[in-house]
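Top line first, the protein sequences correspond to chains A and B. Take the first sequence: its position 5, counted from the start at 1, is 201 in this note's numbering, and no numbers get skipped. Take the second sequence: its position 314, counted from the start at 1, is 510 in this note's numbering, and no numbers get skipped. Beneath this line is the structure, given in structure tokens, with notes to follow.
2 protein chains.
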Amino acid sequence: MTKARVTVIDIARAAGVSKSTVSLVLQGSSLVNEATRAKVNAVMRDLGYVYNRGAANLRQAGAKSRIIGVVVNDLTNSFFAELAVGVDMVVQSAGFVQFLSNTGESIDRQREVVASMREHGISGLIVSPARATDAADFKPLVAAGIPVVVVVRNLPGAKVSSIVSDNRAGMVSAVKHLAGLGHKRIAFLGGFPDTAVFDDRLAGYRSGVEAAGLDYHEELVISSAPSRAGGVEAIGKAIALGRRPTAAVCFNDAVAFGVCDGLRARRLEPGADFAVVGFDDVIEAQAAVPALTTVSVDPQGIGRRGAQMLLKQINAGKAEAETVTTAVRLVVRESCGAGKTAPARAGKGVKSKQDAE
Amino acid sequence: MTKARVTVIDIARAAGVSKSTVSLVLQGSSLVNEATRAKVNAVMRDLGYVYNRGAANLRQAGAKSRIIGVVVNDLTNSFFAELAVGVDMVVQSAGFVQFLSNTGESIDRQREVVASMREHGISGLIVSPARATDAADFKPLVAAGIPVVVVVRNLPGAKVSSIVSDNRAGMVSAVKHLAGLGHKRIAFLGGFPDTAVFDDRLAGYRSGVEAAGLDYHEELVISSAPSRAGGVEAIGKAIALGRRPTAAVCFNDAVAFGVCDGLRARRLEPGADFAVVGFDDVIEAQAAVPALTTVSVDPQGIGRRGAQMLLKQINAGKAEAETVTTAVRLVVRESCGAGKTAPARAGKGVKSKQDAE
DNA sequence: TGACAAAATTGGAACGTTCCAAATATTTAT
DNA sequence: ATAAATATTTGGAACGTTCCAATTTTGTCA
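In structure tokens, the structure reads:
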């Protein structure tokens with residue numbers, strides 16, 4: 197049943213030409229006569245020919261496989277899912293396909309998948325590195341001339357391109373907004389302190405606080421896992437403080453949701469009794485109750501942009517490492533207490549993502 | 197800069213053996229002497245050898261590329277993201293990698309990505325077909341001996357394996373639950389009638405209604421887009437009915453959220469004034485207010501299971517088309533009015549469905 | 001018509017691996 | 001010590017494509 201593969205040679209024989217001519221047709225060369233081309237194409241269709249990229253790729257050693265590797269930490273997190281979709285869009289329309297893998301923050305797994313991707317001959321790699329990734333890990337790749345673009349988290353030492361959102365500016369605007377609403381004690385909740393993203397966001401928090409003419413208190417910075425559970429934990433500690441804060445900027449939206457949970461468990465209503473601001477603007481942020489005020493980073497845009505950057509480098513042949521910081525903007529909804537005026541949260545503008553099934 | 201590739205021949209030369217021996221080492225053959233193996237491995241490490249799967253794959257024509265193609269409709273939808281993660285888990289630990297692509301329900305795009313995957317020589321394909329996919333579309337694949345597993349939506353005519361959730365049983369249990377709470381008029385809201393999934397769920401609704409000793413009224417079945425907006429629309433019609441229903445099972449969670457919105461817009465409180473049950477148990481279901489009572493389908497489990505099925509077929513060499521229906525279970529939360537007893541919905545007790553299987 | 005240029009076609013020789021059959025080295029049994 | 005058995009190693013010949021240099025066909029112009 198498993199029919200023998202149809203090869204260029206079969207096509208050549210059937211069309212009465214040489215395999216070289218068939219190859220030329222395959223590559224859309226202008227050298228081949230129009231009539232011949234038509235005939236060859238017809239035969240290919242009839243015989244159900246499928247191109248063997250592996251073989252082609254073998255011959256044109258330096259040339260490219262048209263495979264892009266994409267490595268993310270957690271596809272379940274819609275932030276990364278959107279990112280992957282953004283990458284897929286541009287990659288697909290450029291005639292590439294994407295290898296997508298999940299590391300789940302495991303550095304070993306990351307090593308494995310990257311190695312596997314290399315064996316398959318990827319043309320380039322887009323990666324959101326797992327926590328504590330060693331900058332040297334991608335050295336062999338770039339040494340082999342494979343462009344690498346790091347997204348979301350940057351990798352200090354590595355000589356690769358990267359594209360991160362403006363974490364600092366985002367936090368500054370979040371803090372300013374809260375200060376503008378009259379809050380004097382604003383906490384910074386969640387996140388692991390050993391990451392570059394944390395540092396950036398914290399720095400933004402600090403300069404926002406100072407810019408608003410408030411004092412920076414170390415006790416108001418409470419780190420935790422960057423997850424919903426972490427948020428619950430962090431707000432617990434915050435409330436236990438002697439002089440408790442009245443508002444908080446959170447490391448990310450997941451933490452912010454956890455903070456809301458924690459507040460409710462203590463009979464405090466997020467938005468009314470305590471202002472909460474997130475970071476990322478994940479899909480759920482606008483549908484949540486109360487809708488989350490957060491810093492929007494457009495992960496899909498980052499994905500698209502990263503992919504474009506990578507394709508550019510692939511085509512250029514040479515990888516000029518560049519670093520891009522994408523703009524972010526504060527989206528004011530209800531959880532900060534500013535949106536009280538609109539009680540009818542019709543949930544109408546909220547374009548659902550769940551449509552299909 | 198771009199160093200010439202290190203090949204088995206280089207390794208062979210450096211280790212003082214033949215390329216055949218190196219190849220044997222690569223495949224972990226027991227034929228090779230332990231000392232030799234060690235030496236070869238050492239040299240490979242020193243020279244930074246990377247295996248060229250493309251070349252290997254070329255030689256062992258029939259054999260496999262260790263690439264699994266995964267095609268979903270909308271990665272942005274957490275249902276599919278989870279599914280992909282499930283697939284990735286088993287695929288990865290079996291030493292395969294996954295090509296993941298998004299069709300966005302576009303049938304053309306689906307054709308493109310599948311073609312592209314074929315060119316790359318995938319060993320198997322897992323696909324959640326775009327709406328209105330022709331069963332014949334996958335004919336060439338199976339004819340070429342490439343196993344295909346269809347998930348989530350089934351493809352009537354195609355002779356491929358499929359794995360869908362037990363839509364019928366899920367609806368039956370949802371209806372029974374509502375009937376058990378005393379509801380006499382239960383509506384079925386949302387979904388497009390031209391799909392297999394719709395038919396199954398409707399059938400489940402019907403037998404649930406009859407099993408509860410109630411009458412089946414056609415007017416209580418109101419279809420609409422399977423989206424939040426569709427839910428708003430459907431509940432509007434339902435309320436306009438002469439004898440309005442007091443409860444509804446919805447085609448999916450998105451519809452259910454829309455129904456809640458629609459109820460609130462009419463000053464009715466979901467859970468208290470009208471019972472709502474969804475289907476899918478998307479991530480947002482447990483965090484929503486009120487938390488949604490819904491039928492949990494465990495997309496990650498489907499992904500894992502589908503991948504296992506596919507790997508089995510790949511290893512078996514022969515694709516015995518089988519159809520699996522995965523169990524679902526009703527998760528009772530608040531939107532059906534049954535959870536009133538626990539006002540402290542700390543968001544904690546809700547055991548996440550991600551954990552277990 | 002012949003000479004020359006342009007257009008179209010074509011046989012190998014790669015690419016990096018695995019497979020096969022055969023060769024060589026090492027043991028074991030006598 | 002030698003034959004037989006076993007363990008290890010090894011040169012090619014594939015696999016399906018592209019590239020190169022060379023060849024054949026066609027067209028042009030005097």
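Just so you know, even glycine gets a beta-carbon here, dropped at the ideal spot from N, CA and C. What you are looking at is a predicted structure, and each value in this text was computed from that prediction instead of being measured.
Between Q504/B and S357/B, the CB-CB gap reaches or exceeds 8 Å. Three or more pairs of CB atoms, one per stretch, sit closer than 8 Å, so the segment 358–370 of chain B contacts the segment 484–500 of chain B.
Contact annotation for P336/A against chain B: G244 [CB-CB distance below 7 Å, chain order].
Cβ proximity to chain B below 9 Å picks out G300, R305, E308, V309, A311, S312, M313, R314, E315, H316 and G317 from the segment 300–322 of chain A. Counting along the chain, N511/A sits inside the alpha helix (DSSP H) bounded by residues P495 to A512. The DSSP assignment places complete alpha helix (DSSP H) segments of no fewer than 4 residues inside the segment 235–323 of chain B at 249–255, 274–289 and 303–315, in order along the chain. Taking K355/B as the centre and dropping the five residues before and after it, the same chain places the C-beta of A517 closer than 6 Å to its C-beta, in chain order. Counting only residues of its own chain and dropping the five nearest sequence neighbours on each side, A383/B has a CB closer than 6 Å to the CB of L416, A434, P441 and A444.
Against chain A, the beta carbon of V281/B has neighbours under 9 Å at D270, L271, T272, N298 and G300, listed in chain order. The beta carbon of V293/A sits closer than 8 Å to some beta carbon of chain B. The Cβ atoms of I264/B and I207/B do not sit closer than 8 Å to each other. For C456/B, the uninterrupted alpha helix (DSSP H) run begins and ends at D449 to A461, by DSSP. Taking a beta-carbon distance threshold of 8 Å, Q288/A counts as an interface residue toward chain B.
Distance from the CA of A408/A to the CA of H373/A, rounded to the nearest whole angstrom, comes to 10 Å. For A443/B, the pairing in a beta bridge is given by DSSP as I382/B and A471/B. With a cutoff of 8 Å on beta-carbon distance, G427/A and G400/A are scored as not near each other. Per DSSP, reduced to three states, the secondary structure at S219/B is helical. Residue-level contact by beta carbon fails for D362/B and chain A, as no gap is shorter than 8 Å.
Identification of chain B residues near G250/A by a Cβ-Cβ cut-off of 7 Å yields G250, N253, L254 and G317, ordered along the chain.
Excluding its 5 nearest sequence neighbours in each direction, V218/B has C-beta neighbours in its own chain below 6 Å: V204, I207, A208 and V236, listed in chain order. In the structure shown, the three-state DSSP call for R327/B is coil.
Under a 10 Å Cβ-count criterion, Q223/A is classified as exposed, with fewer than 16 other Cβ atoms of the shown protein chains found around its own Cβ. Two segments are said to touch when three or more pairs of C-beta atoms, one from each, lie closer than 8 Å; by this definition the segment 288–305 of chain A touches the segment 295–303 of chain B.
When DSSP reads this structure, G387/A sits in a beta bridge with S420/A.
The criterion of a C-beta distance shorter than 8 Å is not satisfied by V287/B and R314/A. V267/A is not a Cβ neighbour of S302/A, given a cutoff of 8 Å. Listed by position along chain B, the residues whose Cβ is nearer than 7 Å to that of E278/A are T272. Just so you know, the alpha carbons of R500/B and R364/B end up roughly 22 Å apart. The beta-carbon distance between A452/A and G533/A, rounded to whole angstroms, is 14 Å. This is too long to meet the 8 Å contact definition. Against D284/B, the close residues of chain A are S297 and N298, in the order they occur along the chain (beta-carbon pairs closer than 7 Å). Residue contact check for E480/B against chain A: a CB pair falls below 8 Å.
At the C-beta level, S420/B and G386/B come within 8 Å of one another.
I498/B is positioned such that its CB atom lies no closer than 8 Å to that of L321/B.
Secondary-structure assignment with DSSP links D476/A through a beta bridge to S492/A.
For V524/B, the closest C-alpha among the options D476/B, A481/B, V202/B and T232/B is that of D476/B.
DSSP, read as helix, strand or coil, puts T519/B in strand.
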